[in-house]
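K.L.:
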Amino acid sequence: MGAWRSDQTIEQITDHLQATFVWLKDDEWFSSGYPREHVERVDVDMKIVLSLDPQKLEDEYDRLNEVAMAVGYNYPAITDIRASVRNLADWKGRGADAFKAQIEMMELFCEEQQTMLLQGMQCLAAAYAAAVETRDVYYNLVMATEAAARNAKDKARKEDTKFAWAAVFDVADGVLSAGSGGLLGTSIGVVVQVAKDYTQRVIEGDDSDQVMENYRRQADELFQSLGHSLNKITSTLTDQSVRAEKPSPMHAPLPAMCDVKGAAFSYEYFYNDLLRSGPVVGIVADEHRKYIEEKRAEAERESKISRRLGGRAV
Numbered sequence: 000m001g002a003w004r005s006d007q008t009i010e011q012i013t014d015h016l017q018a019t020f021v022w023l024k025d026d027e028w029f030s031s032g033y034p035r036e037h038v039e040r041v042d043v044d045m046k047i048v049l050s051l052d053p054q055k056l057e058d059e060y061d062r063l064n065e066v067a068m069a070v071g072y073n074y075p076a077i078t079d080i081r082a083s084v085r086n087l088a089d090w091k092g093r094g095a096d097a098f099k100a101q102i103e104m105m106e107l108f109c110e111e112q113q114t115m116l117l118q119g120m121q122c123l124a125a126a127y128a129a130a131v132e133t134r135d136v137y138y139n140l141v142m143a144t145e146a147a148a149r150n151a152k153d154k155a156r157k158e159d160t161k162f163a164w165a166a167v168f169d170v171a172d173g174v175l176s177a178g179s180g181g182l183l184g185t186s187i188g189v190v191v192q193v194a195k196d197y198t199q200r201v202i203e204g205d206d207s208d209q210v211m212e213n214y215r216r217q218a219d220e221l222f223q224s225l226g227h228s229l230n231k232i233t234s235t236l237t238d239q240s241v242r243a244e245k246p247s248p249m250h251a252p253l254p255a256m257c258d259v260k261g262a263a264f265s266y267e268y269f270y271n272d273l274l275r276s277g278p279v280v281g282i283v284a285d286e287h288r289k290y291i292e293e294k295r296a297e298a299e300r301e302s303k304i305s306r307r308l309g310g311r312a313v
């Protein structure tokens, strides 16, 4: 497990906080002695804090990282593509140009896919950062509330009720705002090491109601910041999904003239002055012979017609 507050830890501190709220009121009249609303809201707080599982986010990030590495560094595929580029280097004509453009688009397509994967990883890293930071801030908030409760119960106590606070939205936004290009092969723990603007807050209150209400305000602000973070992450993912659904030019079929076995192929669209190498040399050579024979036959027909017409223009 990574460096975050575990589910068990959050469950334990919320259970204890509920007991503390009841303890704060145990010397009051029965009708007002059980802070039902505050106790029940703590259950909701716990569910919000645990709604994002850092481990699952990290696992999915690692999975996408492996896929992105495979897309960008598929050595057999890259070798085949570059061999095709070499084989096509000396070929000329519109058909050859179309083949060359298709190979370039294949490389660009792989780069685009890798970029999309890295952007998805960036969103996962932002969600991970929000999840970990929410757990940390909430833990600090509960510890400070517990100290404030003891101070309110025993006026002679003077425990420190300050705690460290980082805006969850700012943490997630910092991850999203960074470039995604450096994520490839990088662990999620390294990615989320963005500068955090910590501030110091305090839980104040001279009596039980003030302590619980102060906790409630701080907790609501924390969860609002988390909600804003998730909204931005969701919006970013939606935008990426829209872009990903657009068809790639690579998927467009090649012109019919590029099919060296098809009826539309002609040597004038795909030829090589040297005929040195490549898997289609034999096919092109056959087409070349056909082309020459057709031109020769056409010239002979024109010569016969010309002779019959006595040299007059047709």
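Counting along the sequence shown from 1, when you hit position 80 you're at 79 in numbering that gives the first Met the number 0, and nothing is skipped either side. Even for Gly, the Cβ is constructed at its ideal location relative to N, Cα and C.
#1: Would Thr198 be called buried (16 or more neighbouring beta carbons within 10 Å of its own) or exposed?
#2: With distances taken Cα to Cα, identify the nearest neighbour of Cys109 among Val241, Ile282, Lys195, His250.
#3: Rounded to a whole number of angstroms, what is the C-alpha to C-alpha distance between Ala128 and Ala67?
#4: Which value, in whole angstroms, describes the spacing of the CA atoms of Phe264 and Pro53?
#5: Looking at the strands, I want to know which residues DSSP matches up with Arg200.
#6: Along the alpha helix (DSSP H) that carries Ala147, what are the first and last residues, could you check?
#7: Let me check understanding here. Comparing Cα to Cα, which of Ser176, Gln101, Arg62, Gly92 lies closest to Ser247?
#8: From which residue to which residue does the alpha helix (DSSP H) around Met45 run?
#9: Could you pull out every residue in the same chain whose Cβ sits closer than 6 Å to the Cβ of Ala148, ignoring the five residues on either side in sequence?
#10: Could you give the residue range of the alpha helix (DSSP H) that holds Lys231?
#11: Out of Pro75, Tyr137, Thr237, Tyr290, point me to the one whose CA is closest to Gln223's CA.
#12: Does the count of Cβ pairs from the segment 118-134 and the segment 43-63 closer than 8 Å reach three?
#13: Where Glu212 and Asp135 are concerned, what is the direct C-alpha to C-alpha distance, given to the nearest angstrom?
#14: Can you have a look at Asp44 and say buried or exposed, based on whether 16 or more other CB atoms are within 10 angstroms of its CB?
#15: Based on the DSSP secondary-structure assignment, which residues constitute the bridge partners of Tyr268?
#16: Considering only the alpha carbon of each residue, which of Ser302, Arg300, Val259, Gln239 lies closest to Gln118?
#17: When you compare only the Cα positions, how much space is there between Asp89 and Glu244?
#18: Take Asp169 as the anchor and find which of Lys161, Lys195, Ala146 has the nearest alpha-carbon.
#19: Quick one: using the 10 Å Cβ neighbour count with 16 as the cut-off for buried, is Met0 buried or exposed?
#20: Ala171 and Ser207 look like a contact to me (Cβ under 8 Å); what is the Cβ gap, rounded to whole Å?
#21: Please determine whether the Cβ atom of Arg81 lies at a distance below 7 Å from any heavy atom of the ligand SAM.
#22: If you follow the alpha helix (DSSP H) that Val259 is in, where does it begin and where does it stop?
#23: Would you call the segment 152-168 and the segment 252-268 in contact, with 3 or more CB pairs under 8 Å?
#24: Would you say Ala76 and Leu87 are within 8 Å of each other, going by their C-beta atoms?
#25: Taking the beta carbon of Asp4 as the centre, do at least 16 other beta carbons fall within 10 Å, making it buried, or is it exposed?
#26: Going by DSSP in three states, Trp3 sits in which element: helix, strand or coil?
P.N.:
With the structure as the only source:
#1: As a first step, residue 198 must be located in the sequence shown, where it is residue number 199. Result: exposed.
#2: Within the sequence shown, residue 109 is the residue found at index 110, counting from 1. It is His250 whose Cα lies nearest to the Cα of Cys109.
#3: Here residue 128 refers to the residue found at position 129 when the sequence shown is read from its first residue. Here residue 67 refers to the residue found at position 68 when the sequence shown is read from its first residue. One alpha carbon belongs to Ala128, the other to Ala67, and they sit about 21 Å apart.
#4: Residue numbering aside, residue 264 sits at position 265 when the sequence shown is read from its first letter. Residue numbering aside, residue 53 sits at position 54 when the sequence shown is read from its first letter. The alpha-carbon atoms of Phe264 and Pro53 are separated by roughly 57 Å.
#5: By one-based count along the sequence shown, residue 200 stands at place 201. DSSP output for Arg200 lists Phe162 as bridge partner(s).
#6: Taking the sequence shown and counting its residues from 1, the one referred to as residue 147 is at position 148. Here the alpha helix (DSSP H) through Ala147 covers 93-152.
#7: Locating residue 247 in the sequence shown gives position 248, where the first residue counts as 1. Closest option to Ser247, Cα to Cα, is Gln101.
#8: As a working mapping, residue 45 is identified with position 46 in the sequence shown. Looking at the DSSP string, the run of the alpha helix (DSSP H) that includes Met45 is 35-48.
#9: Here residue 148 refers to the residue found at position 149 when the sequence shown is read from its first residue. Here the set comprises Thr19, Leu23, Val210.
#10: For the purposes of this step, residue 231 is identified with residue 232 of the sequence shown, where counting begins at 1. Segment 207-244, the alpha helix (DSSP H) holding Lys231.
#11: Here residue 223 is taken as the residue at index 224 of the sequence shown, counted from 1. For the residues Pro75, Tyr137, Thr237, Tyr290, the minimum Cα distance to Gln223 belongs to Tyr137.
#12: Taking one beta carbon from each stretch, the segment 118-134 and the segment 43-63 have 3 or more pairs nearer than 8 Å; the two touch.
#13: Against the sequence shown, residue 212 aligns to sequence position 213. Against the sequence shown, residue 135 aligns to sequence position 136. Using only the alpha carbons, I get a separation of about 21 Å.
#14: Residue 44 sits at position 45 when you count from the first residue of the sequence shown. If you draw a 10 Å sphere on the C-beta of Asp44, you find 16 or more other C-beta atoms in it, and that means buried.
#15: Reading the sequence shown from its first residue, position 269 is the one you call residue 268. Tyr268 pairs with nothing; no bridge assigned.
#16: Taking the first residue of the sequence shown as position 1, residue 118 is located at position 119. Nearest C-alpha to Gln118: Gln239.
#17: Locating residue 89 in the sequence shown gives position 90, where the first residue counts as 1. Locating residue 244 in the sequence shown gives position 245, where the first residue counts as 1. When rounded, the distance between both Cα atoms is 36 Å.
#18: On the sequence shown, position 170 is the one that residue 169 refers to. Selected option, being the one with the closest Cα: Lys195.
#19: Indexing the sequence shown from 1 puts residue 0 at position 1. Per-residue confidence for Met0 stands at a pLDDT of 49, beneath the threshold of 50, marking its modelled position as unreliable; the derived number appears in the next sentence. Counting the other CB atoms within 10 Å of its CB gives Met0 a total below 16, which places it among the exposed residues.
#20: Reading the sequence shown from its first residue, position 172 is the one you call residue 171. Reading the sequence shown from its first residue, position 208 is the one you call residue 207. Their Cβ separation, rounded to whole angstroms, is 34 Å, which puts Ala171 and Ser207 out of contact at 8 Å.
#21: This structure does not include the ligand SAM; it has no bound ligands of any sort.
#22: As a working mapping, residue 259 is identified with position 260 in the sequence shown. Here Val259 belongs to no alpha helix (DSSP H), and DSSP marks it neither H nor E.
#23: No: the two stretches stay apart, fewer than three of their Cβ pairs being nearer than 8 Å.
#24: As a working note, residue 76 is residue 77 in the sequence shown. As a working note, residue 87 is residue 88 in the sequence shown. Contact flag unset, no.
#25: The sequence position of residue 4 within the sequence shown is 5, counting from 1. Here residue 4 turns out to be Arg, not Asp, going by the sequence shown. Here Arg4 is buried, its C-beta having at least 16 other C-beta atoms within 10 Å.
#26: Locating residue 3 in the sequence shown gives position 4, where the first residue counts as 1. Looking at Trp3 - three-state DSSP - the assignment turns out to be coil, as it is neither helix nor strand.
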